[in-house]
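Trainee: Would you mind keeping the following structure in view while I ask a few things?
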Amino acid sequence: MIRTHQTTPFPDQKPGTSGLRKKVRVFQQPNYAENFIQSVFDVVGADLVGATLVIGGDGRYLNREVIQKAIRMAAAAKVGRVVVGQGGLLSTPAASNLIRQRGAVGGLILSASHNPGGPDEDFGIKYNIANGGPAPEGVTEAIFARTQVIDRWLASDTPDVDLDQLGEVAVADMAVEIVDPVTDYAALMECLFDFDAIRAAGLTVSFDAMSAITGPYATEILERRLGFAPGTVVNGMPLEDFGGHHPDPNLVHARELYDRMMGDDAPDFGAASDGDGDRNLIIGRGRFVTPSDSLAMLAANAHLAPGYAGGLKGIARSMPTSAAADRVAERLKIPAFETPTGWKFFGNLLDAGMATICGEESAGTGSDHVREKDGLWAVLLWLNILAKTGKSVDQIAREHWATYGRNYYARHDYEGVESERADALMAELRGSLASLPGRQVAGLTVETADDFAYHDPTDGSVSARQGVRVLFQGGSRVVFRLSGTGTSGATLRVYLERYEGPDGDLDRDTGAALADIVAAADEIAGIVRHTGRKQPDVIT
Ligand code: VG1
Ligand code: CO
Numbered sequence: 001m002i003r004t005h006q007t008t009p010f011p012d013q014k015p016g017t018s019g020l021r022k023k024v025r026v027f028q029q030p031n032y033a034e035n036f037i038q039s040v041f042d043v044v045g046a047d048l049v050g051a052t053l054v055i056g057g058d059g060r061y062l063n064r065e066v067i068q069k070a071i072r073m074a075a076a077a078k079v080g081r082v083v084v085g086q087g088g089l090l091s092t093p094a095a096s097n098l099i100r101q102r103g104a105v106g107g108l109i110l111s112a113s114h115n116p117g118g119p120d121e122d123f124g125i126k127y128n129i130a131n132g133g134p135a136p137e138g139v140t141e142a143i144f145a146r147t148q149v150i151d152r153w154l155a156s157d158t159p160d161v162d163l164d165q166l167g168e169v170a171v172a173d174m175a176v177e178i179v180d181p182v183t184d185y186a187a188l189m190e191c192l193f194d195f196d197a198i199r200a201a202g203l204t205v206s207f208d209a210m211s212a213i214t215g216p217y218a219t220e221i222l223e224r225r226l227g228f229a230p231g232t233v234v235n236g237m238p239l240e241d242f243g244g245h246h247p248d249p250n251l252v253h254a255r256e257l258y259d260r261m262m263g264d265d266a267p268d269f270g271a272a273s274d275g276d277g278d279r280n281l282i283i284g285r286g287r288f289v290t291p292s293d294s295l296a297m298l299a300a301n302a303h304l305a306p307g308y309a310g311g312l313k314g315i316a317r318s319m320p321t322s323a324a325a326d327r328v329a330e331r332l333k334i335p336a337f338e339t340p341t342g343w344k345f346f347g348n349l350l351d352a353g354m355a356t357i358c359g360e361e362s363a364g365t366g367s368d369h370v371r372e373k374d375g376l377w378a379v380l381l382w383l384n385i386l387a388k389t390g391k392s393v394d395q396i397a398r399e400h401w402a403t404y405g406r407n408y409y410a411r412h413d414y415e416g417v418e419s420e421r422a423d424a425l426m427a428e429l430r431g432s433l434a435s436l437p438g439r440q441v442a443g444l445t446v447e448t449a450d451d452f453a454y455h456d457p458t459d460g461s462v463s464a465r466q467g468v469r470v471l472f473q474g475g476s477r478v479v480f481r482l483s484g485t486g487t488s489g490a491t492l493r494v495y496l497e498r499y500e501g502p503d504g505d506l507d508r509d510t511g512a513a514l515a516d517i518v519a520a521a522d523e524i525a526g527i528v529r530h531t532g533r534k535q536p537d538v539i540t
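Dropping the structure here:
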């Protein structure tokens, strides 16, 4: 039987950069998750009837509970079949793949990605559309509008489903299919990459799954199918609270891996992924590769993998990501695209066949094989390149810079800033844009300054106010924007970049190379004055 439950709207259900993210306690309020899920279903509407819907999450605290709710609500929305990862688990890229393979109408991905998990931490819900990618802005805005007026949600009056039992059961008139979360994804990876070459290369690898979703995927693919030694995957068991850690693969939260890769007994290749498996950290023995550089180096060498042997159609990067990938596109004579932050802007370019590889400075890289960024994909493409060239990560990086020049790059995050202060900083900065060109700051001369607006070349849609960028003479740059994934206060992100040509000094310390840009950033935006912070909380 289908029951109607009365409810009232919550004012704060606006999806951010990547879905709705809130504290677990917020999601635990009566009707909170239901209101959002029902709003999604109301927006998708009749397309749900008889259709397939994929549901899975990164296994964090509340995952199973919300999946049970979503199943009952899908039955009430007359969905024909839901496909759920066993144990409620699906990495974000695996969910994207399942949506595409099953011809699903879309999917619910339950994750707060790199944010910590547990009863006092974060949870999230994201809706992906039929191409497997995050719902575009038009859809997320419609969902938000719906949350503001919702007055009822519907659910079948049925007991919980056993999420651990593979196979098919019925919930009201709907089929619930519990599938192995890894199998289809691992098969896709085997088509894209030369597993024989990787196996034969005799590389040593350390992969840190950060007690999050990639554990089972990495164990199956790296240890079982590619034959890397047992123990290659560390922290391989997904935990509801990620072992109390921040499942964010950066130099702060994956410090142990970094230290190991810089030590005497480092393996050839080190990598890590995040809570939901869509990010990657790449560190060769003695060589950290910035995500922006990784995108450029992967694009330059992708033809070495069977899935990309025919070449690339184009390269897309988010605006704050360094311009390193643009130089590769130029040499390959293919288009380069610059989109706002967040994977949802890449979907149209991939669907239109205008880009093949995409990436973000925040450790997200991916291709047209799915419509999400994909952590293990990046790891496997790197391994494929190392195996085919016989070179080390350090060698590949040095040769790349000697050809294209080097974009020294860092991101400074100021976390938990009072929202009013962060908004005041951005407002003042936006107000000063017109007066910036020609100004001398910290020995640099501002060439141009603007608030980035994206004009989607496929559908003509415009996304304005996507971050302030200040370009200096000589190709250095600073970008300012506020995070759209946090769950308390504001996070100011400051992206710093200096370009050094192939004949320049390619072996500098990044901090030293960026020092004058850091000083200029503070002078331009008044970071210390507005936030009261002398130092960023996280440097990546
Ligand atoms: C951050 C990153 C962005 C990424 C997003 C989702 O967004 O900067 O590049 O796409 O997280 O990644 P923001 O608005 O906080 O800067 V994930 O792995 O958290 O889904
Ligand atoms: Co993620």
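Numbering-wise (full-length UniProt numbering), the sequence shown opens with residue 1 and increments by one.
Note that beta-carbon positions come from the ideal geometry of N, C-alpha and C, so glycine has one too.
1) In the structure shown, what three-state DSSP assignment does GLY45 receive?
2) Can you find the residues in the same chain that come closer than 7 Å, C-beta to C-beta, to VAL233, ignoring five residues on each side of it along the sequence?
3) Which two residues bound the contiguous alpha helix (DSSP H) that contains THR92?
4) Who are the near neighbours of LEU471 in its chain, counting only those whose CB is closer than 6 Å to its CB and skipping five residues on each side?
5) Would you check if the distance between the CB atom of GLU121 and the CB atom of ASN115 is smaller than 8 Å?
6) So is the beta-carbon of THR290 under 7 Å away from any non-hydrogen atom of ligand 1?
7) HIS400: buried (16+ other C-beta within 10 angstroms of its C-beta) or exposed?
8) Less than 8 Å between the beta carbons of ALA175 and GLY80, yes or no?
9) Sort out for me which residues DSSP pairs ARG493 with in a bridge.
10) Answer yes or no: the CB of HIS114 versus the heavy atoms of ligand 2, is any distance below 7 Å?
11) I need the boundaries of the beta strand (DSSP E) containing ASP450, first residue and last residue.
12) Give, in chain order, every unbroken run of the alpha helix (DSSP H) that is at least 4 residues long and sits entirely within the segment 121–177.
13) In chain order, what are the residue ranges of uninterrupted beta strand (DSSP E) at least 3 long that sit wholly in the segment 1–58?
14) Which residues in the same chain have their Cβ closer than 7 Å to the Cβ of GLY236, if we skip the five residues on either side of it in sequence?
15) Comparing the CB of ARG279 with every heavy atom of ligand 2, is any distance shorter than 7 Å?
16) Any heavy atom of ligand 1 within a distance shorter than 7 Å of the CB on ARG493?
17) Verify whether the separation of the beta carbon atoms of ILE2 and LEU154 is less than 8 Å.
18) Please state whether the Cβ-Cβ distance between GLY56 and PRO134 is less than 8 Å.
19) Taking C-alpha atoms, which residue in LEU433, TYR454, ARG279, ARG285 lies nearest to TRP377?
20) Taking only heavy atoms of ligand 2 into account, decide whether any of them is closer than 7 Å to the Cβ of residue 541.
21) Look up ARG72 in the DSSP assignment and say whether it is helix, strand or coil.
22) Classify GLN473 as buried or exposed, calling it buried when 16 or more other Cβ atoms lie within 10 Å of its own Cβ.
23) Determine the extent of the beta strand (DSSP E) in which ASP208 is found, giving its start and end residues.
24) Judging by CA-CA distance, which residue of VAL105, ILE527, GLY118, GLY467 is the nearest neighbour of ASN131?
25) Heavy atom of ligand 1 less than 7 Å from the Cβ of SER322, yes or no?
26) Determine the direct distance from the alpha carbon of THR339 to that of ARG331, and round the result to whole angstroms.
27) Assuming contact is defined by CB atoms lying nearer than 8 Å, are ALA299 and LEU312 in contact in what I supplied?
28) Starting from THR403, follow the alpha helix (DSSP H) in both directions and report where the run begins and ends.
29) Is the beta carbon of ALA197 closer than 8 Å to that of LYS344?
30) Just to check my reading of the structure: residue 542 and ILE283 have Cβ atoms closer than 8 Å, yes? What is that Cβ distance to the nearest angstrom?
31) Is the segment 68–85 in contact with the segment 38–55, if contact means three or more CB pairs nearer than 8 Å?
32) Which term fits PRO93, buried or exposed, when burial requires 16 or more other beta carbons within 10 angstroms of its beta carbon?
33) May I ask you to check if the CB of THR365 is nearer than 7 Å to at least one heavy atom of ligand 1?
34) I'd like the list of long-range same chain contacts for MET73, defined as Cβ closer than 6 Å, with 5 residues on each side in sequence excluded.
35) Based on Cα-Cα distance, which residue from ASP516, PHE123, GLU523, MET189 lies nearest to LEU110?
36) Measuring CA to CA, which of ASP241, GLU240, VAL205 is closest to PHE228?
Mentor: Checking against the coordinates, here is how it stands:
1) helix
2) So the list reads PHE207, ALA209, GLY215, ALA218, THR219, LEU222, GLU223, once near-sequence residues are dropped.
3) 92–101
4) Contacts found: GLU447, THR448, ARG477.
5) Cβ atoms of GLU121 and ASN115: closer than 8 Å.
6) no
7) buried
8) yes
9) ARG493 is bridged to ASP413, ARG481.
10) yes
11) 444–451
12) For the alpha helix (DSSP H) assignment, the uninterrupted runs of no fewer than 4 residues enclosed by the segment 121–177 are, from N- to C-terminal side, 137–147.
13) Qualifying beta strand (DSSP E) stretches, in chain order: 2–6, 20–23, 52–57.
14) ALA209, GLY215, ALA218, THR219
15) Yes, the beta carbon of ARG279 sits closer than 7 Å to at least one heavy atom of ligand 2.
16) At least one heavy atom of ligand 1 is nearer than 7 Å to the Cβ of ARG493, so yes.
17) yes
18) In this structure, GLY56 lies away from PRO134, with their beta-carbon atoms at least 8 Å apart.
19) ARG279
20) Residue coverage of the chain in this structure runs from 1 to 540, which leaves residue 541 outside it and unanswerable.
21) helix
22) With fewer than 16 Cβ atoms within 10 Å of its Cβ, GLN473 is classed as exposed.
23) 205–208
24) VAL105
25) no
26) 20 Å
27) yes
28) 393–404
29) Between LYS344 and ALA197, the C-beta gap is not smaller than 8 Å, which leaves the two residues out of contact.
30) With the chain covering 1 to 540 only, the question about residue 542 has no answer from this structure.
31) Because the criterion of three Cβ pairs below 8 Å is met, the segment 68–85 and the segment 38–55 touch.
32) buried
33) no
34) Once the five neighbours on either side are set aside, the close Cβ partners of MET73 are ILE37, ALA155.
35) PHE123
36) VAL205
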